[in-house]
Amino acid sequence: MSHFFTVITPELFLFACVVTFLGGFVKGAVGFAMPLIMVSGMGIAIAPELIIAGIVLPIVVSNILQVGRAGLGQARDAVVEHWRYIVAVCAMILVSAQFLRRIPTDTLFIVLGVPVVILCLIQIAGWRPVIAARLRRPVEYAAGIVSGMLGGLTGTWGPPTVLYLLALGTPRDRQMSVQGVIYGLGSVMLFLGHVQSGVLNAQTWPFSAALVAPGMLGMWVGFRLGDRFDADRFRQVTLWVLVIAGVNLIRRGVMG
Numbered sequence: 001m002s003h004f005f006t007v008i009t010p011e012l013f014l015f016a017c018v019v020t021f022l023g024g025f026v027k028g029a030v031g032f033a034m035p036l037i038m039v040s041g042m043g044i045a046i047a048p049e050l051i052i053a054g055i056v057l058p059i060v061v062s063n064i065l066q067v068g069r070a071g072l073g074q075a076r077d078a079v080v081e082h083w084r085y086i087v088a089v090c091a092m093i094l095v096s097a098q099f100l101r102r103i104p105t106d107t108l109f110i111v112l113g114v115p116v117v118i119l120c121l122i123q124i125a126g127w128r129p130v131i132a133a134r135l136r137r138p139v140e141y142a143a144g145i146v147s148g149m150l151g152g153l154t155g156t157w158g159p160p161t162v163l164y165l166l167a168l169g170t171p172r173d174r175q176m177s178v179q180g181v182i183y184g185l186g187s188v189m190l191f192l193g194h195v196q197s198g199v200l201n202a203q204t205w206p207f208s209a210a211l212v213a214p215g216m217l218g219m220w221v222g223f224r225l226g227d228r229f230d231a232d233r234f235r236q237v238t239l240w241v242l243v244i245a246g247v248n249l250i251r252r253g254v255m256g
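Position 53 of the sequence shown, counted from 1, bears residue number 53 in the numbering used here, the numbering being contiguous throughout.
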């Protein structure tokens, strides 16, 4: 235990657990934003490289659970339909993860903060792109590359995936199963990528493993309570909170 707290202080570990619980709660309640909340929330006080290491295992476990809830049959159908996007996402997560440790800390705060702010503002604005049928194949690859690059560096490829599915006109009830597959496979690539990059190592993996429990507890509470409030309003409030937290990450990067 004393070795564990050479990586993070007890106070910051407790703070990370609270943030992870909140991220799990939101994911359980409305199905998104767990990595965004963990990155932007922990970024208030924790070093960015440790944040990325910390989110890996909770994301892997939560996304596997999401795939399981959707059912294996729907998962198989999602892979068949969206395999180009999935391959591009997974490949780019593996590649971009290798560059994380080469980015200076101040710059990394900006790298983490800017996508959070932009992606949340896009969702708040309700912008919905449209993909013409003749452009679907190249757009699938291009969108997958962009999502995977963000995923490897920031641990989140959810919002770009949502925009991609909306642009294809994917029915709402099918979106959750498709997202579960994309998030699940991507999270495995994130794990492998950061084992290779050295971000997830003998010093940092216990921290990541310790965050699995509060994340899963938060998801369970979110599943239980999600039907008791207005999901759309809760989603909007969450996005605005994430915008503020993302701006704070950018501020830390700019001001040092």
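By construction, the Cβ of each residue, glycine as well, lies at the ideal position given by its N, Cα and C atoms.
Linking R251 to L112 through their CA atoms gives a straight-line distance of about 11 angstroms. Between the stretch 46-56 and the stretch 173-180, the count of C-beta pairs closer than 8 angstroms stays below three; the two stretches do not touch. Taking a contact to require three or more Cβ pairs closer than 8 angstroms, the stretch 215-228 and the stretch 81-101 do not qualify as touching.
Segment contact: the stretch 242-251 against the stretch 130-144, fewer than three CB-CB distances shorter than 8 angstroms; contact not assigned. Distance from the Cα of V117 is smallest, within the candidate group G184, P159, V195 and T105, for P159. Rounded to the nearest angstrom, the gap between the Cα atoms of F109 and I51 is 11 angstroms. Taken through DSSP and simplified to helix, strand or coil, I145 comes out as helix.
Just so you know, the alpha carbons of M219 and F4 end up roughly 25 angstroms apart.
The shortest CA-to-CA distance from T161 to any of G155, G144 and M149 is the one to G144. Excluding sequence positions up to five before and after E140, its CB lies within less than 6 angstroms of the CB of R84 and Y85, all in the same chain and listed in chain order.
For the pair V39 and G155, the CB atoms are nearer than the 7 angstroms cut-off. Within its own chain, the residues whose Cβ lies closer than 6 angstroms to the Cβ of Q98, once the five positions on either side in sequence are excluded, are S197, listed in chain order. Rounded to the nearest whole angstrom, the CA to CA distance from R228 to G23 is 18 angstroms.
The DSSP assignment places complete alpha helix (DSSP H) segments of no fewer than 4 residues inside the stretch 173-243 at 205-210 and 212-225, in order along the chain.
Taking all protein chains in view, the Cβ of W205 is crowded by 16 or more other Cβ atoms within 10 Å, so the residue is classified as buried. Close CB contacts of F25 within its chain, under the 6 angstroms cut and outside five residues either way in sequence, are with G218, V221 and G222 (chain order). Contact annotation: V181 and E49 have beta-carbon atoms that are not nearer than 7 angstroms.
DSSP places I103 outside both helix and strand once states are collapsed to three, so it counts as coil. By the neighbour-count definition (other C-beta atoms within 10 Å, threshold 16), Q123 is a buried residue.
The Cβ atoms of A167 and P138 do not sit closer than 7 angstroms to each other.
Separation of the CB atoms of V60 and I37 is rounded to 16 angstroms, and the pair is thereby denied contact status at 8 angstroms.
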